[in-house]
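What follows is a single structure, written as structure tokens, with notes after it.
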Amino acid sequence: MLLVFMLSLQLASYDTMKSSMLRIADGFGQFQIEGYKEDPEMDKVIADPAALLADLERVPGITVATARGTGFGLLASGERSFAVAILGIDPAREPDVSTLSGLVEQGRGLTPEDDDAIVLGDGLARNLRLGLGDHVALLGSGRDGSVAVDVLEVVGIFKSKVPELDRAFAQMPLARFSETFLMAGGVHAIAVSGEDLPDVVRAEPELRAVAARHGVVYLSWAELRPDVEEAIAADMITAVLIYVTLVVVVVFITLNTLYMSVLERTREFGVLLAIGMKRRWIGRMVWMEMIFLSLFGNGLGILLGMALTYWVQQVGIGIEGLSEIYESWGMPARFYPAMTPFRVLFGPSAIVLSIAVLGIVPYRRVLGLEPVKAMAS
Amino acid sequence: MDPIVTCRGLSKTFGKGELAVHALRDIDLDIMPGEIATLAGPSGSGKTTLLNMIGALDEPTSGEVTVDGQPLGGLSRSQLSDLRLSKIGFVFQSYNLIPVLSARENIEFVLQLQGVSAAERHDRAMEAIKEVGLSGLEDRRPGKMSGGQQQRVAVARALVSRPAVVLADEPTANLDSKNALALVELMRSLNREHGTTFLIGTHDVRVLEQSMRHIEMLDGRIDRDARGSA
């Protein structure tokens, strides 16, 4: 029961963690010019984003793709100025890829009709002492190295609860971004999304093929956010240790019980040997008993585990006091387990298989029985 | 007529060196078909050990046992199982029935091991139940039967495979006098009707009185071997 629940919760939590963190800004995958991620220079652009976007519409599992430009510069208001990352987004498509525009707490997110609009993180707005309707000066470096200057109106303030984003991140319309940073139609990235992360992961070979055709590279979620993958891998080590320990404990408790039942029936086996039953028949009978009993026990455990998991799936599970920490990582405060055949069957199958293999111990004991000694026990 | 059981120079020693116990010493014995022979003697005289050797349940230290013309020496464990299944019937002091099976199923079990068809198993088991006087109790489990009834089931189980010899070790030891007498009568009548050979290890004077042959053991040797008139 516990094994079914644990694995369903653990792996579903990882899925939630990955999806939540990727959905804030990155998307489930990105196309870039090779080397842009390591060294994000302004002139490393995808020159013909429209053609790439058109190709991506035909990739199964990809529900939306959106172009982005990323610039770095200063936002200034009055005497104050702060270094920021400015993301040029397509207001029509971006909300389907990232959740940042949905986190606007004051004002509104960007719309396709916007021109000189900007949405700021709430930390940045506070630092610049800006409110809705205020204007902010942008000073950066254009694609060709010239100075990029613009004045934009604050139409929205978002609060992601990720301090780094809220302090140093802003969004503006991609068209205006292209003008300001002299992008000449180029973009720095095309982010993709799907119904679920696994859909996009499955589409990876085709996405890489598309990238190759357009002379760009495709970065999977793990390549985009190695920190997330490493965090999951680190957590997984502990989880696997706990899980394996639980499996080992269950296997040994079950084997011990079954082995004791074999020991208790030594006399009975002696009688069976005396009346002509062969040792290997008795051994096989004991082995089959073990497998059937473990199948029955595990079947019951699976049903109870599924019932528990289903219930928690409805109500969710949260850890008191940790919800703020989770939110600061862009994750929901409550986690919901999710069952798949693998998560439900892996643990119980490991137990049944272990018992089937370790059942050789009582089997060998039966093979070594002598009728007289067995009947005298 | 050839003996159904032959023992030649049979010895069995448990342990080694100074701790060695000579349970059987150079036994020569022939049991003829249709005999009811009793093995008597004080505790530790070697009755049970001799029955175990003849029943292929244990191996002698030296000597040879032959059952129904088949020498046991050199047979593999699997072949010994086959021999026990086909040629030897056992009746134990404490019945040793399988508690989760009914009387009929306990009897059928031996036939099942022999690969007898379900229909034939059923018929032969019912016939054996009738012979031991338990008709109507065939579906009862051992726990719901008296000691005497359980021992009758054990006799039926031993006989149903039509063995060459039935070995019984203290079959009446756990029975009251009435049931003990009834069991002795049963074995006697089965011997008369079917010529079944019985070799019975016992202290019970009622069994001894019914035997055709009385073998007295002492310190692992046959002290006396006398044929009676029963």
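Keeping their order, the protein sequence lines are chains A and B.
Residues 4 to 380 (this note's numbering) make up the first sequence, in order.
Residues 37 to 266 (this note's numbering) make up the second sequence, in order.
Using N, Cα and C, we set each Cβ at its ideal position, and we do this for glycine too.
For this session: Within the same chain, show all residues whose beta-carbon is closer than 8 Å to that of residue 62 of chain B, passing over the 5 residues directly before and after it, in chain order.
Result: 45, 46, 47, 99, 257
For this session: Report all residues from its chain with a CB closer than 6 Å to the CB of residue 58 of chain B; omit the five preceding and five following residues, and keep chain order.
Result: Excluding sequence neighbours, residue 58 of chain B sits near 49, 256.
Exercise. By DSSP, does residue 150 of chain B sit in helix, in strand, or in coil?
Worked result: Coil at residue 150 of chain B, not helix or strand.
For this session: Give the DSSP bridge partners of residue 156 of chain A, in chain order.
Result: A:120, A:138
For this session: Please confirm whether residue 238 of chain B and residue 76 of chain B have their CB atoms less than 8 Å apart.
Result: yes
Exercise. Residue 313 of chain A: buried (16+ other C-beta within 10 angstroms of its C-beta) or exposed?
Worked result: Answer is exposed; the Cβ neighbour count stays below 16.
Exercise. With burial defined as no fewer than 16 other Cβ atoms inside 10 Å of the residue's Cβ, what is the status of residue 34 of chain A: buried or exposed?
Worked result: buried
For this session: Output the distance between the C-alpha atoms of residue 113 of chain A and residue 212 of chain A, rounded to the nearest integer angstrom.
Result: Taking the CA atoms as reference points, residue 113 of chain A sits about 32 Å from residue 212 of chain A.
Problem set entry | Cα-Cα separation, residue 231 of chain B to residue 200 of chain B | 10 Å
Problem set entry | Interface residues of chain B facing residue 63 of chain A [CB-CB closer than 7 Å] | Within chain B, no residue comes near residue 63 of chain A; the closest Cβ sits about 58 Å away, beyond 7 Å.
For this session: Anything in chain B within Cβ reach of residue 271 of chain A, meaning under 9 Å, just list it in chain order.
Result: 132, 134, 135
Exercise. Quick one: what's got a C-beta closer than 8 Å to residue 119 of chain B's C-beta in the same chain, skipping five residues either side?
Worked result: 92, 103, 106, 108, 111
Problem set entry | Test: residue 4 of chain A CB closer than 8 Å to a CB of chain B | Judged by the 8 Å Cβ criterion, residue 4 of chain A is not in contact with chain B.
Exercise. From the beta carbon of residue 120 of chain B, is the nearest beta carbon of chain A less than 8 Å away?
Worked result: The C-beta of residue 120 of chain B comes closer than 8 Å to at least one C-beta of chain A.
For this session: Could you tell me if residue 115 of chain B is buried or exposed, where buried requires 16 or more neighbouring beta carbons within 10 angstroms of its beta carbon?
Result: It is exposed - the Cβ of residue 115 of chain B has fewer than 16 other Cβ atoms within 10 Å.
Exercise. Residue 114 of chain B CB to nearest chain A CB: under 8 Å?
Worked result: Closer than 8 Å to some Cβ of chain A, the Cβ of residue 114 of chain B qualifies, so yes.
Problem set entry | Spatial distance of residue 379 of chain A from residue 345 of chain A (CA atoms) | 48 Å
Problem set entry | Buried or exposed (CB count within 10 angstroms, at least 16 for buried), residue 403 of chain A | Because chain A spans 4 through 380 in this model, residue 403 of chain A falls outside it and cannot be assessed.
Problem set entry | Three-state secondary structure assigned by DSSP to residue 158 of chain B | helix
For this session: For residue 117 of chain B, decide whether its Cβ has a neighbour in chain A, counting only Cβ atoms nearer than 8 Å.
Result: yes
For this session: For residue 363 of chain A, count neighbouring Cβ atoms within 10 angstroms of its own Cβ and tell me buried if that reaches 16, exposed if not.
Result: exposed
Problem set entry | Residues of its chain near residue 298 of chain A, where Cβ-Cβ distance is below 8 Å and the 5 sequence neighbours each way are ignored | For residue 298 of chain A, the CB contacts under 8 Å within the same chain, skipping 5 residues up- and downstream, are 355 in chain order.
Exercise. Which residues of chain B have a Cβ atom closer than 9 Å to the Cβ of residue 9 of chain A, listed in chain order?
Worked result: By Cβ distance, chain B contributes nothing, its closest Cβ being about 37 Å from residue 9 of chain A, past 9 Å.
Exercise. Along the stretch 278-298 of chain A, what residues have a CB closer than 9 Å to any CB found in chain B?
Worked result: 278, 279, 280, 281, 282, 283, 284
Exercise. With a cut-off of 8 Å, does the C-beta of residue 149 of chain B fall near any C-beta of chain A?
Worked result: Answer yes: the Cβ-Cβ gap between residue 149 of chain B and chain A drops below 8 Å somewhere.
Problem set entry | Residues of its chain near residue 121 of chain B, where Cβ-Cβ distance is below 8 Å and the 5 sequence neighbours each way are ignored | The residues are 146, 149, 150, 197.
Exercise. For residue 221 of chain A, does the three-state DSSP call read helix, strand or coil?
Worked result: strand
Exercise. Shorter than 8 Å from the beta carbon of residue 126 of chain B to some beta carbon of chain A?
Worked result: yes
Exercise. Quick one, which of A:371, A:21, A:370, A:250 has its alpha-carbon nearest residue 349 of chain A's?
Worked result: A:250
Exercise. In chain order, what residues of the stretch 72-105 of chain B put their CB closer than 8 Å to some CB of chain A?
Worked result: 88, 91, 93, 94
For this session: Just mark residue 193 of chain B as buried or exposed, buried being the case when its beta carbon has 16 or more other beta carbons within 10 Å.
Result: buried
For this session: Tell me, please, whether the stretch 128-136 of chain A touches the stretch 53-70 of chain A by the rule of three or more beta-carbon pairs shorter than 8 Å.
Result: no
For this session: List the residues of chain B whose Cβ lies closer than 7 Å to the Cβ of residue 374 of chain A, in chain order.
Result: 93
Problem set entry | residue 86 of chain A classed as buried or exposed, judged by whether at least 16 other C-beta atoms fall within 10 angstroms | exposed
Problem set entry | Reduced DSSP secondary structure (H/G/I, E/B, other) of residue 66 of chain A | coil
Exercise. Taking the continuous alpha helix (DSSP H) assigned at residue 231 of chain A, which residues delimit it?
Worked result: Boundaries of the alpha helix (DSSP H) harbouring residue 231 of chain A: 229-267, taken from the DSSP string.
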